[in-house]
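Residue numbers (the working numbering): 1 to 127.
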């Protein structure tokens with residue numbers, strides 16, 4: 001029996017999930033699929049400037065897991081850029097964080113909540 005997969009904590013989902021060349025050609029080789037958690041490692045390490053250890057803590061995974069996801073994500077990005085392939089961000093084993101359950105250190109999820117709150121519910125998008 002295989003080991004159950006661990007859920008990775010993701011701050012928020014990407015606003016766009018499809019990227020690629022503007023020209024009509026260049027997509028004959030197929031598309032590259034990047035998981036949401038691989039996207040999150042790129043966002044945390046390259047955009048926010050966190051180290052791999054802090055990234056792993058935020059995602060609630062081991063540092064070696066964060067390192068492997070980051071390495072895979074960078075390889076996929078390079079393949080898309082160099083070989084003019086489309087990038088699709090989808091799938092994976094993740095849970096979107098909820099600041100009401102667990103405080104999130106990311107200012108982005110407070111500004112851009114993933115789902116609107118139901119009537120009478122407070123959101124975590126206030127400054």
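From the three backbone atoms N, C-alpha and C, an ideal C-beta is built for every residue, glycine too.
Computed from a predicted model, the values in this text were never measured in an experiment.
Looking at the strands, I want to know which residues DSSP matches up with residue 89. 34
Among 18, 49, 22, 1, the one whose alpha carbon lies nearest that of residue 35: 18
Have a look at 1, 14, 95 and flag the residue whose alpha-carbon is nearest the alpha-carbon of residue 59. 95
Residue ranges of each alpha helix (DSSP H) run of no fewer than 4 residues wholly in the segment 35-69, ordered along the chain? 36-42, 52-59
For residue 8, the first and last residue of its enclosing beta strand (DSSP E): 8-10
Return the residue from the list 2, 22, 1, 5 that minimises the CA-CA distance to residue 87. 22
What residues match up with residue 76 in a beta bridge as DSSP calls it? Per DSSP, none; premise fails for residue 76.
Quick one, which of 54, 33, 13, 9 has its alpha-carbon nearest residue 72's? Checked all of 54, 33, 13, 9; the closest Cα to residue 72 is 33.
Under 7 Å, do residue 76 and residue 37 count as touching if we go by C-beta distance? no
Taking the C-alpha atoms as reference points, what is the distance between residue 61 and residue 84? 32 Å
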